[in-house]
Amino acid sequence: MSLTLTASQGASAFPSKTLLVEDALPTVTSSNFASPQAVYDGGYVPSTVQGIRLRIANGAAGQTGLVKAWADSFIRYMVEKGHEPFQVPWYLSESTESLSLLSKGEVDFALTYVPAVEAQLIHVGDASERVYAFRDQFVLVGPKSNPAGLKDDDDIFLMINKIVCHGHADAANPPKDHPPTRFFSRSDRSATNIKESLLFLTIGQLPWALNNPSTWYLRHQCFPREALKIAASQSFYTLIDRGTWLDAAEDVTSALKAFSIGGEDPKYDPTDFLLNPAHLLCGSRLRPENESICKEFMKWVMADEGGQRVIDTFEKNGRVLYTRPPST
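For the sequence shown, my numbering assigns the number 206 to the initial residue and increments by one for each residue that follows.
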């Protein structure tokens, strides 16, 4: 099977121009959220006796394995305190959908990256508590052939501007000796999609505009891991979270280069445009029998020897994927 990618044509429509990627990849649809992507039990076989005690919705950190690491560690922590083993399901969903699931009470926690929307849920009472759980960074990646001519000392806005300029030029006169400049968007209301849109808006560009869609701006709704595979196989530039980048397979990262990465220093300027703060929100529609354990989980995530210890030691390919928030 092949996955059809389409050039931008507004917020809800796709044009006839297509690109094909071998091996169809998961698409973001409402069906993705009907059942958990995985259920964790801390390694305890009798966890089904207690059953599900808390539910978590997230996208990228679930795909990298951090949600599993948190869930398994927390279950073992509670068992050591005398609690019976239990289960923690993870629902694969981008930030906007994760918060929607939380608002409806379909999950107990949402781990998301959209501060403005998170604050709204607290304000209207759909979430009872919100903590800064860890920080990630965004990464602009692209083909090693670098058709847009990005330089190491370019700032992120100059890089995006070059992609726009070269994208238009290559669309008008397709190059014969190298891949054309093209940008891939997940177009799924995720934190990455929102950040990417802000990058283009900041330089006064709307490549997705209805009246003048840009053929070099290609879109397909999918999750982070799949987006990176598409970028690698088709020589696209794209924005991705650093955790997904470090977790990616060698055959994916070897086809791409990281041109700009958000600051990794915990003391780095918090206004860095490519920082990606992750917040954990606890819902206000908890089941009465699970309320105490959910509150315990919220405390554990922020504890030095609990969830923050997991953050410090969570590695893939020899690199720690995330860092603690500035206050911990």
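Glycine included, C-beta positions come from ideal geometry on N, C-alpha and C.
Check                                                                                                                           : Outcome
Classification of K434 by the beta-carbon crowding that lies within 10 angstroms, buried from 16 upward                         : buried
Nearest-angstrom beta carbon gap, A463 and V346 [assumed within contact, 8 Å]                                                   : 5 Å
Candidates P241, S240, E289, W421, of which the one nearest G247 by Cα                                                          : E289
Cβ-Cβ distance between F405 and Y527 below 7 Å                                                                                  : no
T458 (DSSP reduced to helix, strand or coil)                                                                                    : helix
Coarse secondary structure for I445, derived from DSSP in three states                                                          : strand
Beta carbon of N366 nearer than 7 Å to that of I399                                                                             : no
Contacts around K521, its chain only, beta-carbon distance under 6 Å, and the 5 residues preceding and following it disregarded : L451, D452
Nearest-angstrom Cβ-Cβ length linking V293 and Y249, presumed shorter than 8 Å                                                  : Going by Cβ atoms, the distance from V293 to Y249 rounds to 12 Å, so no, they are not a contact pair.
Beta-carbon proximity list for W505, same chain, < 7 Å, skipping 5 on both sides                                                : F279, Y282, G511, G512
Assigned secondary structure, D477 (DSSP; H/G/I helix, E/B strand, else coil)                                                   : coil
Residues that DSSP places opposite C370 in a beta bridge                                                                        : C370 is not bridged to any residue.
When D393, C487, T458, I516 are compared against G310, the one with the closest alpha-carbon                                    : C487
CA-to-CA distance, G264 to I466, given in whole angstroms                                                                       : 20 Å
Between the CA atoms of E494 and T321 - distance to the nearest angstrom                                                        : Sequence inspection shows Ala at residue 321; the Thr mentioned does not correspond to that position. Approximately 31 Å, taken between the alpha carbons.
Close-in-space but distant-in-sequence residues of the same chain around R529 (CB under 8 Å, 5 per side omitted)                : F339, R340, P471, Q513, I516, D517
Extent of the continuous alpha helix (DSSP H) run through I399                                                                  : 396-407
Given S387 as reference, the closest of E334, T420, L307 once Cα atoms are compared                                             : Note that residue 387 is Arg in the sequence shown, not Ser. R387 has its Cα closest to that of T420, out of E334, T420, L307.
Distance, D375 Cα to R492 Cα                                                                                                    : 56 Å
DSSP state of L355 mapped onto helix, strand, coil                                                                              : coil
Short Cβ contact (7 Å threshold) for A262 with A332                                                                             : no
Span of the beta strand (DSSP E), counted from its first residue to its last, around H510                                       : Correcting the residue type first, residue 510 is Glu in the shown sequence and not His. No beta strand (DSSP E) contains E510, which DSSP labels as neither H nor E.
Opening and closing residue of the beta strand (DSSP E) in which G347 lies                                                      : 332-348
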